[in-house]
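To keep things clear, I will list the structure first and then write my remarks on it.
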Amino acid sequence: MKLCFAKHICVGIRLFSKIPEVMKVLNVAEKNDAAKNIVRQLVGQFVPARNGLSTYNKNYDFQLDLFGRKCSMVMTSVSGHLLGLDFGGSYKRWEGCDPLLLFRAPVGKYCSDDYLPIKRNLQKEVRGCQALIIWTDCDREGENIGFEVAQVCREAVPTIDIYRAKFSEITQPSVWRAVRNLERPDEKLSQAVDVRMELDLRIGAAFTRFLTLRYQKLFPGTLTNSLVSYGSCQFPTLGFVVERYKAHEDFQAEPFWKLRLFDEKDGNRTEFHWKRGKVFSFRAADIFYNICVESNRAKVTAVTQKPTSKWRPVALDTIQMEKLGSWKLKINAKEMMKIAEKLYTGGFISYPRTETNIFPKEINLNNLIESIAGDERWQDFARNILNSGGAHPRNGKKSDNAHPPIHPLKIGTGLSGQEARVYEFIARHFLACCSRDARGMETVVDVELGEELFSANGLIITDRGYLEVYPYDRWSDKELRAYERGEEFVPSSLDIHEGSTTAPPLLSEADLIALMEAHGIGTDATHADHIETIKARNYVKLTSGDSRFLPGDLGLGLVEGYDAMGFHLSKPHLRSGLESDLTAICDGRKNPDEVLSDQIGKYEEVFRLGMADVAKLDEALERRLRERQARGNGGASVDGSGWGGGGGGGGGGGPRPDDDRPSFSRPTNSIFGKCPKCDSHMMLKAKKQGGWMAACMGFPDCKVVSWFPSEITDVSVSSKCRQCDLNQATFRVPRGVFAAASEESVTFCLRCGGSELERFQLRPLPKKEASSGSIASVFQSRTTSSAVPDSRSVGVLNSGVDRLRHYMPTVSFMSGISSATFPIPRGNNQSNMSRIPNTYSHHRDVTQGNNRSDVGDEVKCKCGNPANLLTVKKEGPNTGRKFYACAKSNGTDCNFFSWEDAVSAPRDRPTGSTISFPAPQLNGSNSSFGVNSGGSFSNPGSWDGPSNDVQEYMCDCNVVARKFTVNKEGPNKGREFYVCSKNQGDAGRCSFFLWADSNPSSVAPTIPRNTGSFERPIRSRGTSRGRARGRGTGAGRGAPGGRKCGICGNTGHNRKNCPNRFDGTGNEDW
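Its first residue numbered 313, the sequence shown is counted upward by one per residue in my numbering.
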């Protein structure tokens, strides 16, 4: 809904009465140059830049009357897309999973390190603002970028009101028209981009990982360092090149013959063309020739004169600009678009990404002509248009109802090189379009010779029209001498001309763009990118001289291989169908989730069948690359299973050269089902030390894992459970293990297994967590899951159709009309540990006791509920020892833990009271740690007495660590830390050390794994040993602001000693 300026005034006065007199508004453009020029047009003069947190994105401060009040405006910018889409956890690694799983793996949006300064700058500038105006380009991509900006700004100011400025050119009338008619962002356009981005990621990553890892190992001599990628647009583009190349190569030239008659008089030589054209038999041509020779005299049967025209060019759209740039200027499409965008941000031309070739009536073309009439190159021609009734453009038939055709806005002063050439072309094209057609008089002379008919054409140009300003077209005179009907003459010569048919030429870039447009492959904004991709992958190359596309051996092999499979992935029908669906999403005719689900299903099925028939692709590449396959190369999946990891579109940066995965063979079906916590896949994985486990592919963001007994070395995934949606596990139990009288096979569900779970001492997998509540959106976005990958992430990890949505609170058109529930985003200052979902292990070797202690006092967990009293059953130093744990099911528990013998429970305490933890009793003499007998600490640290926080941490000795406070003067004075509770100097005392402010509260209390762990112990092997014990300063690693861990980002330890260090399969890597 558009709003007029008057409506802003009256509504604004009523609604902003409680807001400070000066309203602060943040404006965000897509590029810095655009931001600078928009401000200049709004203010009417140059505004100096203010440096922000991003080096290349400046801030501009100015005042403007808006919303019926004075506004303090800040204009800044992004640099294209602020957020990227990628997989999380193990899916992101090249060797992380079977590529087939990527079609259903969770994906999320995140802000990469390169764009973090831009994000921080936006969040800094938006604080204190009441409104946000998006000034990104007015197309699908621009709308999606606008939603990313809004999402990031809403993290800092959840109540910010968001508007959209729509403009097609950076001129004063256009930007003022945009600011006076602010709209709401269009979610449908953004959703179409989300669908396209997710499909490109999933399809590209799955195929690319499969192809790259397989063929780097099958053809090491040719492809060892090559990325063999696939894209749903790039492959049809390659298909066009291969199809034309094969037509060119398979063409069989055929000879033909034709008669030519010439008449020469007074120095003018006229050629008459045989109306039969050509014949494919010399004998026939010779017969006709002899007939003509016998006649000897030609007779003029008709002389026709008629006016003719050469039409001026149609208004310029993006695709035509790319094609003409390649044809006329010899500038490729990628470079042409880059130059045009630079001219646009400089205010020289209108928006260069448009599908419209019809000038709307509201554009004053005469004013545009006047604005460039001062250029001496076309000054007289422009004045002639204005003096002859004004502009009369030749319009086409296409309109995107968003942007007008490309046209100049001002004289190209200061331009040079290719920029000057492109500007001149656009200006001349615009003037030619607005002028008149070229006109002439065509003469056609028909003659008869021995009953055979011939004709000749002549042209006299009477008005050059647009050709005066448009040198890119040719139309020249062709004079004929005067002929009269009935006139006879003797031909000066008659001959038989021999020729042959020619093969269709290889595709030029302009030809290729035309085919992509005709078949709906990509958009005007992406054609150049797809062409550059197939060139960069060495699928095609350009011929020298005429620069036409020639497919390479790899490109030919891939297309032929997929065609042999019966999957015409190089044909355009799959992608063209998607482009139609994306248009339908923008128009509101189709649901984005349905389109995404349908497209994923199609490509997933093609991928699945392709892996089973991959031998045909192998043979095609072997034939084209002329290299024999390296059979038996491990990890290449020569058997066609497709497993081999690897990656292309989904992150990881490329495949690793060496396959260092464990030697355990992966079963064909290794998926148990979806993770109950993050909706990733629960996979059967090999432990590094031997044995198996069921682990979430979302690691390290999600640490759901079930450790299988090390005695079980043969595990497989079986049929689906009848009671839940999980696939069952099958254990091959050796004789004498777990009470097996003989070797037996046991199949059970990891969630519903009951007695089998108890037999193998496994904790059942929990049921899927319910959604924590819907998140309202100003644009009716759908809800998302809550797992956040890291501090840079502003998206979420989710799966399949329930992918990331931009979430924003529901607000009225103007601030203050209504309120809504807002999701409070996590700040960047949060510890990495607080963002990682709690781990809950399913290998719990305990027996359950009562919910109350034997003294009748109630022990409460962190949830505030009564804790369960359990007993360690597994053999080890803690066998038979009792402990308290949260009573909730795994996955929803709070990870509370406490040994029963560490709990103080006096008999006289009232029933149901909460038990606190007693002060630890320290024995022994002083040590280098400053321990005094009686349980106190001398300088540098002291024990701080009983804690109200029912939180314990296990040291490396598998006993409860003790907390102390640094008393010694220095940067760590008053800082709390945990150390081993054994006396200093004891032979068994370990070197455990942990700063309490390294966010230990976010890490669940732990028990050692050999007693059945809920979560791996928080350990720091000697992290700050020398510093804390020797000098007590904790300088460097322990001090706030010191060196951070390379894995979790916290201080107090390094990568080697990080408590979150895993090998990627869920195993510790200490």
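Note that the Cβ used here is the ideal one computed from N, Cα and C, for glycine as well.
Under the three-state DSSP convention, the category residue i falls into
i       : result
LYS640  : helix
SER486  : helix
GLY400  : coil
MET877  : helix
ALA694  : helix
TYR422  : strand
GLN617  : strand
GLY440  : coil
THR1183 : strand
HIS715  : coil
ASN676  : coil
VAL491  : helix
PHE1208 : coil
ILE912  : helix
HIS885  : helix
ARG572  : strand
CYS1292 : coil
GLY708  : coil
LYS473  : For the sequence presented, residue 473 should be read as Asp rather than Lys. ASP473: strand per DSSP, three-state reduction.
Option nearest residue i by Cα separation, candidates the options
i       : options                              : result
ALA347  : MET385, LYS336 and ARG381            : MET385
LYS1200 : LYS1185, LEU1181 and MET923          : LEU1181
ARG887  : GLY878, GLY900 and GLN911            : GLN911
ASP578  : SER1031, GLN1040, TYR656 and SER804  : SER804
ILE825  : LYS640, ILE643, LYS635 and ARG849    : LYS635
TYR656  : PRO672, ASN602, VAL591 and VAL734    : VAL734
GLY533  : ASN344, ASN679, VAL591 and LEU933    : LEU933
HIS839  : HIS704, LEU921, PRO1021 and MET649   : MET649
ARG1071 : GLY1003, GLU561, LYS1080 and PHE1043 : PHE1043
GLY985  : CYS1061, ASN707, SER502 and GLY701   : CYS1061
PRO884  : ALA1052, ALA559, LEU743 and PHE547   : PHE547
GLY1188 : LYS853, VAL1271, ALA815 and TYR1265  : VAL1271
ILE482  : ARG416, ARG352 and VAL464            : ARG352
ARG940  : HIS719, LEU819, PHE531 and TRP406    : PHE531
Neighbourhood of residue i by C-beta, 7 Å cutoff - its chain only, sequence neighbours within 5 removed
i       : result
CYS1302 : CYS1267, ASP1268, CYS1269 and CYS1292
TRP787  : LYS622, ALA750, ILE773 and LEU779
CYS1014 : GLY401, CYS987, LYS989, CYS990, SER992, CYS1008, ALA1099 and PRO1149
ALA896  : LYS902
Sequence-distant residues of its chain with Cβ nearer than 6 Å to residue i (five each side left out)
i       : result
THR448  : GLU342, GLY454, ILE457 and GLY458
ASP970  : Low confidence applies here, because ASP970 scores a pLDDT of 40, under 50, leaving its location unreliable; read the following figure in that light. Answer for ASP970: no residue qualifies.
GLN730  : ILE651
ALA822  : LYS635, SER638 and TRP639
LEU511  : GLN911
GLY1085 : Any answer about GLY1085 is weak, because its pLDDT of 33 lies below 50 and its placement is not dependable; what the coordinates show is given next. Here the set comprises nothing.
CYS545  : ILE833, GLY834, HIS842 and ARG887
ALA768  : THR582, PHE584 and VAL757
Residues near residue i by beta carbon distance below 8 Å, same chain, minus five either side
i      : result
GLU800 : ARG609, ALA610, LYS611 and VAL612
CYS604 : LEU571, LEU573, LEU761, GLY762, GLU764 and LEU806
VAL802 : ASN608, ARG609 and ALA610
ALA565 : SER812, THR813, THR814 and ALA815
Under 7 Å between C-beta atoms of residue i and residue j
i       : j       : result
VAL438  : ALA468  : yes
VAL756  : THR616  : yes
GLU667  : LYS622  : no
TYR663  : HIS715  : yes
LYS928  : ALA876  : yes
PRO1012 : LYS1080 : no
CYS441  : LEU338  : yes
LYS500  : GLY900  : yes
Beta-bridge partners of residue i, as assigned by DSSP
i       : result
ASN371  : ARG362
THR755  : GLN617 and GLY770
ALA1006 : LEU996 and SER1018
ILE631  : Bridge partners of ILE631: none, in fact.
THR582  : ASP575
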